[in-house]
Each structure stands twice: as structure tokens, then as C-alpha cells.
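Worksheet: one structure, shown below.
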Amino acid sequence: MQRHSHLLPAVLDMAQRGMRPCKIAEVTGMTPNAVSCRLSYWRKRGVNVAPARHGPQPARRKICATGVPEDLRGLLKVHADLRGVTVGVLARDLLDRAARDNLIDAILDDMETGQ
């Protein structure tokens with residue numbers, strides 16, 4: 001959070017006025033996760049920051065996480081909870097990011113690359 005320390009007063013002000021973390025992130029250039037983590041940090045320390053308001057969410061493709069083994073769901077749940085999303089949404093976001101950023105081979109490391 002060091003690189004965003006100059007933005008913290010503005011982030012706090014926007015949050016106290018009820019602005020959603022995704023909008024605060026858009027305005028400040030921070031990531032939504034960085035904003036949410038900072039707001040959570042403040043709430044845990046007694047700062048009066050209203051809980052994020054839920055509004056219309058962007059249309060998302062559905063993914064069924066029921067095929068994920070229970071032990072893996074437990075591991076993913078920790079990270080999903082930190083981000084305020086469901087395990088299914090986190091799984092979808094992980095798959096989306098891995099595919100779009102061409103990370104499948106790096107993650108699985110199961111193919112010869114010829115190098």
C-alpha cells in the first residue's frame with residue numbers, strides 16, 4: 001500500500017460517503033482488491049467506514065464450481081472470502097485470467113517448450 005499512501009485520505013472520504021470500492025478504484029487508479037483490503041483494515045480498527053453497497057453487477061458468465069473437490073473448495077474459499085466473492089466467481093476469474101494472460105503452460109508446467 002506504500003505506493004498509494006497519498007491516496008488514502010481520498011479513499012477514506014469516498015468510502016465514508018458510501019462509494020463502492022470498485023468505483024473508488026476506478027477514480028484513484030488503485031486495484032479494487034487494494035481498496036477493499038484497505039477498507040477492511042480500517043473497519044477492523046474501528047474507523048467508521050460503511051460496508052460496501054451492493055449494486056448492479058456486470059454481466060458475468062456463470063461457472064459451476066460443484067465439480068471442484070471439497071478440499072480444494074476449502075482452499076479457494078479463503079481467497080474468495082478475502083475478495084468478497086463466491087468460490088464459483090473466484091474459480092471463473094482464475095480460469096479467465098490464466099487463459100487470457102496465456103498462463104496455462106506456466107501454471108501446469110506439463111509440456112516441453114522446446115527450449
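Going letter by letter, the sequence shown gives residues 1 to 115 in my numbering.
From the three backbone atoms N, C-alpha and C, an ideal C-beta is built for every residue, glycine too.
(request) Taking only the alpha-carbon atoms, compute the straight-line gap between Met-19 and Arg-100 and give it to the nearest angstrom. (result) Here residue 19 refers to the residue found at position 19 of the sequence shown. Here residue 100 refers to the residue found at position 100 of the sequence shown. The alpha-carbon atoms of Met-19 and Arg-100 are separated by roughly 30 angstroms.
(message) Let's test the definition: count the other Cβ atoms within 10 Å of the Cβ of Gln-115 and tell me whether it reaches 16, buried, or not, exposed.
(response) Here residue 115 corresponds to residue number 115 of the sequence shown, with the count starting at 1. Only weak support is given to the placement of Gln-115: the predicted model assigns it a pLDDT of 48, under 50, and the question is left unresolved by the model.
(request) Can you say whether Met-1 is buried or exposed, counting buried as having 16 or more other CB atoms within 10 angstroms of its CB? (result) In the sequence shown, the residue the question calls residue 1 occupies position 1. Bear in mind that the predicted position of Met-1 carries a pLDDT of just 41, short of 50, making it unreliable; the figure below should be weighed with that in mind. Flag for Met-1 reads exposed.
(message) Taking only three categories from DSSP, how would you classify Gly-18?
(response) Sequence index remark: in the sequence shown, residue 18 carries index 18 (1-based). Correct three-state label for Gly-18: coil.
(request) Please state whether DSSP places Pro-32 in a helix, a strand or coil. (result) Within the sequence shown, the letter at position 32 stands for residue 32. Pro-32 falls in the helix class under three-state DSSP.
(request) Look at Ala-50 and Ala-25 and say whether their C-beta atoms are less than 8 angstroms apart. (result) On the sequence shown, position 50 is the one that residue 50 refers to. On the sequence shown, position 25 is the one that residue 25 refers to. No, the Cβ-Cβ distance between Ala-50 and Ala-25 is not below 8 angstroms.
(message) Does Pro-69 come out as helix, strand or coil in the three-state DSSP assignment?
(response) Counting from 1 along the sequence shown, the entry for residue 69 is found at position 69. Three-state DSSP puts Pro-69 in coil, outside helix and strand.
(request) Whole angstroms is fine: what's the gap from Asp-93's alpha carbon to Val-11's? (result) Taking the first residue of the sequence shown as 1, we reach residue 93 at position 93. Taking the first residue of the sequence shown as 1, we reach residue 11 at position 11. Rounded to whole angstroms, Asp-93 to Val-11 spans 25 angstroms at the Cα level.
(message) Using only CA atoms, which one of Glu-70, Pro-69, Asp-71 and Leu-90 lies nearest to His-79?
(response) Locating residue 79 in the sequence shown gives position 79, counting from the first residue. If we check each option's Cα against that of His-79, Leu-90 comes out closest.
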